[in-house]
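Okay, so here's the structure we're looking at.
2 protein chains.
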Amino acid sequence: MASLGELERAVMDLLWASQEAVTANTMRDLLAHNTGTDDGAAAHPGKELAVTTVLTVLSRLEKKGLVERERGTRPHRYQAVSSRADHTAELMHEVLGSAPDREAVLARFIGSVTESEAATLRKLLGQS
Amino acid sequence: MASLGELERAVMDLLWASQEAVTANTMRDLLAHNTGTDDGAAAHPGKELAVTTVLTVLSRLEKKGLVERERGTRPHRYQAVSSRADHTAELMHEVLGSAPDREAVLARFIGSVTESEAATLRKLLGQS
DNA sequence: CAACATTTCTACGCTTCGTAGAAATTCCAA
DNA sequence: TTGGAATTTCTACGAAGCGTAGAAATGTTG
Numbered sequence: 009m010a011s012l013g014e015l016e017r018a019v020m021d022l023l024w025a026s027q028e029a030v031t032a033n034t035m036r037d038l039l040a041h042n043t044g045t046d047d048g049a050a051a052h053p054g055k056e057l058a059v060t061t062v063l064t065v066l067s068r069l070e071k072k073g074l075v076e077r078e079r080g081t082r083p084h085r086y087q088a089v090s091s092r093a094d095h096t097a098e099l100m101h102e103v104l105g106s107a108p109d110r111e112a113v114l115a116r117f118i119g120s121v122t123e124s125e126a127a128t129l130r131k132l133l134g135q136s
Numbered sequence: 009m010a011s012l013g014e015l016e017r018a019v020m021d022l023l024w025a026s027q028e029a030v031t032a033n034t035m036r037d038l039l040a041h042n043t044g045t046d047d048g049a050a051a052h053p054g055k056e057l058a059v060t061t062v063l064t065v066l067s068r069l070e071k072k073g074l075v076e077r078e079r080g081t082r083p084h085r086y087q088a089v090s091s092r093a094d095h096t097a098e099l100m101h102e103v104l105g106s107a108p109d110r111e112a113v114l115a116r117f118i119g120s121v122t123e124s125e126a127a128t129l130r131k132l133l134g135q136s
């Protein structure tokens, strides 16, 4: 149960972008001023969703374990459970984990990594 | 459009396991003798699906680009387009690709890789 | 308390997937 | 060649996930 819908992904992107926990209302506004495909030009308004829609999505994300909600404060505040990088790395491990031939997969994987990334990997694997 | 359903995955696993292209009927039989969770014990028969069911799934997999079909032979024959390792590596790249902070993701990623895999990676990244 | 804000419940339409019957097509044996 | 058998295509249905949001319940504040 890992994949996200389009709106769910947009919400997560915004949560990952803003360090602080946000309310459903704030999230609604953020979504309105974001086309997703962030081009430099003036993005069209990206229509205003109903707050209940945003709440539904946030609840679903909470159920999926991606979002954490502060129930204490009155307008509840939501934030991502883990950073985008952590989440993505986790996803990669999930994908890799389902394979019986992990090493073969890794071989193919690094076969198509940019040189700068390869360098990063070398550094990270360097000593040990 | 990358994720697979349960049956779709079972079919792909069998296609990946058998080098040769197989017919829908063969696939039906293979599915019948496979519980997925391959424990050593006598797996229960894994019910016989209708051939049309198998054909539907194979067609859907073909549409997704995961399966290739030989239309020449009369009982059409189906096979995986790419190896499981290739496919999985591709999936990993897909996951990684959607991240703006690729290097950060990679850092987290190799942070939780087994030592033997780390060794494999070092070897593969060795020269260059 | 009353009006307002916030959250929860319920629901509907769309898409995907498991599942397969019905219909169309193709092939082989007599 | 023709008719039954095998094969493929078409169509469909139910369940689940997601976008979407109204209605109802609940909490807040003046």
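So the sequence lines, in the order shown, correspond to chains A and B. Residues in the first sequence are numbered consecutively from 9, following the working numbering. Residues in the second sequence are numbered consecutively from 9, following the working numbering. All C-beta atoms, glycine included, are put in the ideal place defined by N, C-alpha and C. Computed from a predicted structure; not experimentally measured.
Review point. Given that R116/A touches chain B, what residues does it touch there, using C-beta distances under 7 angstroms?
Key: A93, D94 and A97
Check your understanding: Which value, in whole angstroms, describes the spacing of the CA atoms of Y86/B and V113/A?
Key -> 23 angstroms
Review point. R110/B touches chain A at which residues, Cβ-Cβ below 7 angstroms?
Key: Within 7 angstroms Cβ-Cβ: E125.
Point to revise | Continuous beta strand (DSSP E) assignments of at least 3 residues falling wholly in the segment 82-133 of chain A | key: 85-88
Check your understanding: Under a three-way DSSP split, which group does R36/B fall into?
Key -> helix
Check your understanding: Would you call the segment 117-131 of chain A and the segment 53-71 of chain A touching, i.e. three or more CB-CB distances under 8 angstroms?
Key -> no
Exercise for review: Pick helix, strand or coil for R68/A, following the three-state DSSP scheme.
Suggested key: Collapsing the DSSP output to three states places R68/A in a helix.
**Study point:** 8 angstroms contact criterion, which P108/B and T31/B should meet: CB distance rounded
**Key:** With a Cβ gap of about 45 angstroms, P108/B and T31/B do not count as contacting.
Point to revise | V59/B burial status per 10 Å Cβ neighbour count (16 or more: buried) | key: exposed
Check your understanding: What are the boundary residues of the alpha helix (DSSP H) that R77/B is part of?
Key -> For R77/B, there is no enclosing alpha helix (DSSP H); the enclosing beta strand (DSSP E) covers residues V75 to E78.
Practice item. Taking only beta-carbon positions, decide if M100/B is within less than 8 angstroms of chain A. Key: yes
Review point. Is the Cβ of S26/A closer than 8 angstroms to any Cβ of chain B?
Key: no
Check your understanding: Who pairs with V30/B in a beta bridge, going by DSSP?
Key -> Y86/B
Exercise for review: Taking V103/A and V103/B to be in contact with their CB atoms under 8 angstroms, please state how far apart those CB atoms are, rounded to whole angstroms.
Suggested key: Right, their Cβ atoms sit about 6 angstroms apart.
Check your understanding: Around the C-beta of A10/A, are 16 or more other C-beta atoms found within 10 angstroms, so that it is buried, or is it exposed?
Key -> exposed
Exercise for review: Indicate whether at least one CB of chain A lies closer than 8 angstroms to the CB of R68/B.
Suggested key: Not flagged as an interface residue toward chain A: R68/B, since no C-beta distance is shorter than 8 angstroms.
Check your understanding: Whose Cβ in chain A lies nearer than 8 angstroms to the Cβ of V103/B?
Key -> T96, L99, M100 and V103
Exercise for review: Closer than 7 angstroms by C-beta to L57/A: which residues in its own chain qualify, once you throw out the five before and the five after it? Chain order, please.
Suggested key: Around L57/A: R36 and L39.
Exercise for review: State yes or no: is the C-beta of T128/A within less than 8 angstroms of the C-beta of E111/B?
Suggested key: yes
Review point. Hey, is R130/A's beta-carbon within less than 8 angstroms of any beta-carbon in chain B?
Key: yes
Exercise for review: Ignore the nearest five residues each way along the sequence and tell me which others in E70/B's own chain have a CB closer than 6 angstroms to its CB.
Suggested key: Contacts found: R77.
Practice item. Tell me whether the beta-carbon of A97/A lies closer than 8 angstroms to the beta-carbon of R130/B. Key: no
Exercise for review: Excluding the 5 residues preceding and the 5 following R92/B in the sequence, name in chain order all residues of the same chain whose CB lies nearer than 7 angstroms to its CB.
Suggested key: Cβ within range, chain order: W24.
Review point. Checking contacts by CB at 8 angstroms: is V113/B closer than that to chain A?
Key: V113/B has a beta carbon lying within less than 8 angstroms of a beta carbon in chain A.
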